[in-house]
Structures are given as C-alpha cells and as structure tokens.
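Numbering (my numbering), first residue to last: 1 to 354. Beneath this line is the structure, given in structure tokens, with notes to follow.
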C-alpha cells in the first residue's frame, strides 16, 4: 500500500473526531504544504452554507501558485475525499465543485472517491438496514474501504489503449464534434485504438426503473430487460474500453438527454462489474457559459456514482455558439495541444512494451 497523506479542513466549532483515521494512514502532512506528490485523502467539514473557508483559501493559494509558475500544483496527486454536512444538503454539490477545481489543477481521482455524511448519518440508513449494523459502524467501514482503495490504487497496464468515444451529434453542425476532430487528428493512433459510437435518435431510451430484483437478474448476463442497442452495442464497447470520452454539448447547463439516458442505462452493466479500471474523459462546448456545470455533472455521475477514474484535466472545454464557431476560437490550437498532451501523458503512464 502506498503512503497516504491526509489534509483536513475542519470547522473551528466542529466536534467530529477524525483522529481514529490517522491510525490507518501512513503519513499526515501540514495543511500549508500545497504541492503534494502522492495519495491524498481530503477531509472536509462544511459550514451552514455548504462551504469551507479553509478549502477556499487552499484553492486560491494553489491557483496563485499555478499562475505564478505555470506548473499544475496537484499534478501527480491521486485523491479521495470525506465530506460531512450538518444538514441534509451540500455534500454532493460541494464534492463535485471541489473535485473539479482540483482536477483542473492536475489532481486525479479514484473511482467512487467520496464518502459523505449528512446530518445524523441519514445517507447510511439503507446500508445500516441491509447489514443490521449501526450507522457509525457502516460509516467507518466505508471510510476504511475508501482508504484501502486509495492506498492500493495502481496505474493500469496495457499494450494498446482502447478509447471509446460517445456522441449524439452531427459532424456538420456540432462544434463539440469539430473540437473532437481537431483533437483526434493529433492523437497517437499507433498507441490508441479509437472507436466512435453514435447514440442515434430512436436507438436509446431512458431507464424505465425496473425493480432491483429484475435489474440484478439481467445484470448477471450483462443485459437489460429492454435489450436492443444498449445491450448489443453499448455494453460490449464500454466493457472493452480503457477510456470512455463523452462528447457533450451544453444543453440547458446539462448533457444531452440521449447521453444522460446512456448513463442511466449503464446501471445494469454496473451491477455486474465495476468501472475502477476505466478512465473518464470529456469534451464540453457551451454556446455562452456553463462548461463547468456540464463537466461537474459528468464527474458526479460517472466518477462519484459509477466509479470511473478521473484523470488530471479530464475535460477539454470551449465556448462556441453558431455552427463552426469553434474553429474561430483564438487559442484553439493551444487548447487542442494541451489536451492532446494530457491524454498522451495519461496513456503513456499505463503503456507496456509490446
């Protein structure tokens, strides 16, 4: 198991005892040490507004260092987090925003990186009921599992990388697909095997919400009651992929309905396997604003909930309104180059000799 550093952002008036965690962690670091190069467990207690002044100060200092040195302050860091709220709200929204900022500054996250606790541990009630254990025991078990997965997290080894690209647009008019085409041109096709899957109208319907028992029954065969495109095309390609890249135009500050249906329909496959060895990438384009909203929706649904790995700077983003506007973005070439370098750095990390 790798060394794990712990960074705690506790409330001054907080009464939570996190000290027991330290007996399971190899090393505790000074909060003022911004640049950390190993496994990191962040522990955050939220205030009444679902925020943390200490986290804000930490991120501002990291951004200051980035602008000063042009070096990503969290590059090489692999993280997970524990978030506690004294209300029923904010744990997920805070976690997504915190992860987004850290990721933009170079941090990578394991799949299922979050253990959250709302007031009175209400979010653990289902687990407690299923296991017959007290809420406090369930929470501790979840934290210990998180620590174990973080400490044992390893780079994937492959001789060739399989990249699956999911989209629901049309190349003639989609700025997001045009952005992808520019990126694709620069990728090393000798090392990366690219497979594009168009989620067409009429081929995908949203999850109908079968009973848990029905879903589990079909999941044993990596199937879904409703079959079709999802079972015949989508599931096998997801299962084989090392990286899944989502092409996401901004629709009302969210991903498209068809791609959201894909995420929802992944549940049956998710019940039969985990996605801990798969990376999440994305290209997001907005007409005016909201790229961060779409990116955070993706990392929430696919990294926090479904368990995909989140590599450093997972999302390439831009603003382009009219069809073709993406090609007029002043620094498009620099954006493409940065993202391609980021993808190549990721793929080079888990390549082995043929």
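No residue lacks a Cβ here, since even glycine has one placed at the ideal position from N, Cα and C. Just so we're clear, the structure is a prediction, and the values are computed from it rather than from any experiment.
Using a threshold of 8 Å, state whether the C-beta atoms of residue i and residue j are closer than that.
i: residue 88; j: residue 118; result: yes
i: residue 282; j: residue 314; result: yes
i: residue 360; j: residue 111; result: The structure shown has nothing for residue 360, since the chain only spans 1 to 354.
i: residue 287; j: residue 321; result: yes
i: residue 192; j: residue 261; result: no
i: residue 62; j: residue 81; result: no
i: residue 164; j: residue 195; result: yes
i: residue 147; j: residue 7; result: no
Which residues does DSSP pair with residue i in a beta bridge?
i: residue 152; result: Paired residue(s): none; residue 152 is not in a bridge.
i: residue 429; result: Since the first and last residues shown for the chain are 1 and 354, residue 429 lies out of range.
i: residue 109; result: 79, 310
i: residue 9; result: 44
i: residue 162; result: 193
i: residue 116; result: 83
i: residue 244; result: 164, 280
i: residue 4; result: 39
Output yes if chain B places a C-beta closer than 8 Å to the C-beta of residue i; else output no.
i: residue 190; result: Among the chains of the structure shown, chain B does not appear; only one protein chain is present.
Please go through the same chain and pick out, in chain order, the residues whose beta-carbon is closer than 8 Å to the beta-carbon of residue i, but skip the five residues on each side of it.
i: residue 125; result: 135
Hey, how far is the Cα of residue i from the Cα of residue j?
i: residue 19; j: residue 79; result: 19 Å
i: residue 128; j: residue 60; result: 39 Å
i: residue 197; j: residue 331; result: 28 Å
i: residue 223; j: residue 69; result: 50 Å
i: residue 122; j: residue 145; result: 19 Å
i: residue 11; j: residue 58; result: 14 Å
i: residue 276; j: residue 303; result: 9 Å
i: residue 263; j: residue 83; result: 24 Å
i: residue 279; j: residue 299; result: 11 Å
Can you name, in chain order, every residue of its own chain whose Cβ lies under 7 Å from the Cβ of residue i, other than the five neighbours on each side?
i: residue 33; result: Residue placement at residue 33 is poorly supported in this model, since its pLDDT is 43, which falls under 50; the coordinates still yield a value, given next. Correct list: empty, nothing qualifies.
i: residue 336; result: 182, 183, 186
i: residue 131; result: 138
I think residue i touches residue j, with their Cβ atoms under 8 Å apart; what is that distance to the nearest whole Å?
i: residue 199; j: residue 253; result: With a Cβ gap of about 20 Å, residue 199 and residue 253 do not count as contacting.
i: residue 100; j: residue 55; result: The pair is not a contact, with the Cβ atoms about 13 Å apart (cut-off 8 Å).
i: residue 230; j: residue 265; result: 5 Å
i: residue 368; j: residue 340; result: Since the first and last residues shown for the chain are 1 and 354, residue 368 lies out of range.
Residues in its own chain within less than 6 Å of residue i by CB, not counting five upstream and five downstream?
i: residue 35; result: Confidence at residue 35 is low in this model, with a pLDDT of 41, below 50, so its placement is unreliable and the value that follows should be read with caution. Excluding sequence neighbours, residue 35 sits near 73.
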